[in-house]
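Numbering (the working numbering), first residue to last: -8 to 333.
Right, one structure below, let's go through it.
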């Protein structure tokens, strides 16, 4: 199993007994390039960057990060742009793969996204993993002038346009929402035939889209007491859909996003019953990661629980996970016939 780090460009994560939240902090203090270097030195496989264009002051939309659907963001929330930060991180790292967690595809022009993320792949010498999703916040769509009800169809078209932009000599598309022909989109990404695309979702509709249009599935297990087998039924949906379209299971990757906090065995977080997912001693965290591996996941992207709200605690967790968890996690093998982590 490979372990990725969920980026902190939308603030530092923390949990209560029910939900995950993001604590906004001044963007000038985030220092994402230095933290990415910490993650690379610690041995993380990848770093994943969240995405929003804007943040409505109030929202009634159900937040998919929490099973309760409570919103994780503050009304005035400082956020750095994923593509811009990834470009900067690409220039100060050499091995760390760079992912989006996830790009909200439907409310941007896909040609622009194809250009930006091809640039990230080139700057990183072929380290991009593009996570895409349809989004969850209707108010953000309203602000951007895009019909929230159309997001599924627009997502599918966007994914196809990314693929064509990255592989076709002459790029053309004729769809419901996007139409163009005889375009040049050069240079192409470094990765051949193209960078991998994962679909982020927590419902059967997303699982089917992943199987039909993407290279992997990326569900969220971010609320405190998530179980690695929560989405087993979706794994079955993916298998059935892959069979229908004639794709081998071995061409498809299963990834998961979870929260994590490593502490001493005597700490209250380690002795709690029930215990939060991927929380406690290194041995307890590895036990939970083994649960994800048994559920078929070969990549776990970990959003560090930072209750202090201090960047120094995030750095301490990165270092501790690198020393106490990553060496043993590499021995975990995902069950099933899925493709290993990208």
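Each residue gets a CB set at the ideal place from its N, CA and C atoms; glycine is no exception.
When secondary structure is reduced to three states using DSSP, residue 252 falls in the strand class. Relative to the Cα of residue 13, the nearest Cα in the group -7, 61, 116 and 318 belongs to 61.
At a Cβ-Cβ threshold of 9 angstroms, residue 158 and residue 115 do not count as neighbours. The beta carbon of residue 45 is closer than 8 angstroms to those of 131, 134 and 135 in its chain, skipping five residues each way along the sequence. Annotation: the continuous alpha helix (DSSP H) that includes residue 226 extends over 223 to 236. By the CB criterion at 9 angstroms, residue -2 and residue 18 fall outside the cutoff.
Nearest to residue 118 by alpha-carbon distance, out of 109, 124, 126 and 125, is 109.
Each of 4, 290 and 112 was checked against the Cα of residue 333, and the nearest Cα belongs to 290. A contact is defined here as three or more CB-CB pairs under 8 angstroms, and the segment 312 to 322 fails this definition with respect to the segment 186 to 197. Counting C-beta pairs closer than 8 angstroms gives three or more between the segment 225 to 241 and the segment 198 to 208, which meets the contact rule.
Listed in chain order, the beta strand (DSSP E) runs fully inside the segment 271 to 305 are 290 to 295, counting runs of at least 3 residues. For residue 12, no alpha helix (DSSP H) segment is defined; the enclosing uninterrupted segment is the beta strand (DSSP E) at 11 to 14. Between residue 244 and residue 215, the C-beta spacing is not below 9 angstroms. For residue 170, the enclosing beta strand (DSSP E) starts and ends at 170 to 174. Leaving aside the five residues that flank residue 65 on each side, the residues in its chain whose CB is nearer than 7 angstroms to its CB run, in chain order, 15. The beta-carbon distance between residue 87 and residue 30, rounded to whole angstroms, is 6 angstroms. This is short enough to meet the 8 angstroms contact definition.
Counting only the Cα atoms, residue 238 lies some 39 angstroms from residue 6. Residue burial annotation: residue 265 is exposed, with fewer than 16 other C-beta atoms found within 10 angstroms of its C-beta. Judged by beta-carbon spacing, residue 94 lies beyond the 9 angstroms limit of residue 295, meaning their Cβ atoms are not closer than that value.
When 236, 217 and 2 are compared, the shortest CA-CA separation from residue 67 is found for 2. Between residue 208 and residue 248, the CB-CB gap reaches or exceeds 9 angstroms. Residue range 37 to 40 is occupied by the beta strand (DSSP E) that includes residue 38. Non-local C-beta neighbours of residue 149 in its own chain, meaning closer than 6 angstroms and more than five positions away in sequence, comprise 96 and 101, ordered along the chain.
If the five residues before and after residue 182 are omitted, its C-beta is found closer than 8 angstroms to the C-beta atoms of 112, 117 and 119, all from its own chain and listed in chain order. Distance from the CA of residue 307 to the CA of residue 170, rounded to the nearest whole angstrom, comes to 49 angstroms. Comparing C-alpha distances from residue 327 to each of 277, 269 and 240 shows the shortest one belongs to 240.
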